[in-house]
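Residue numbers (my numbering): 278 to 409.
Here it is, written out as structure tokens:
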């Protein structure tokens with residue numbers, strides 16, 4: 278088992294109980310693939326309604342795309358899409374539009390939308406996935 282570097286400590290999330298296992302798990306996550314899935318879900322949702330959407334709606338759409346494209350794959354983890362939305366916000370491809378959304382439980386939550394750069398990237402992802 279390798280010793281975590283300072284880079285690992287700055288980037289990889291860990292569990293307090295067993296950070297080395299957490300580093301290994303974080304290393305196996307196909308982040309780029311999940312980011313592309315999130316962009317594709319946002320683009321698909323936007324086609325039906327241009328209004329910003331809550332993370333749970335993006336998650337549901339991403340789950341459907343994931344099941345359609347990879348029927349044998351395990352379902353996405355509970356926080357996978359929320360985490361990817363945060364990453365995509367940091368990359369400037371997605372933005373928090375407002376706090377006017379409603380969670381599944383009825384509480385207030387953020388709503389997200391693609392930025393101009395995100396829209397271009399999502400369309401590129403979409404075109405690339407149709408070639409597969």
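Note that CB positions come from ideal geometry on N, CA and C, so glycine has one too.
Every alpha helix (DSSP H) of 4 residues or more that sits fully in the region 304-340 is shown, in chain order, as 308-325. Excluding its 5 nearest sequence neighbours in each direction, residue 385 has C-beta neighbours in its own chain below 8 angstroms: 376, 377, 378, 379, listed in chain order.
Our two residues, residue 359 and residue 349, have alpha carbons roughly 23 angstroms apart in a direct line. Between residue 316 and residue 389, the CB-CB gap reaches or exceeds 9 angstroms. In the structure shown, residue 391 adopts extended strand secondary structure according to DSSP, grouped into three states.
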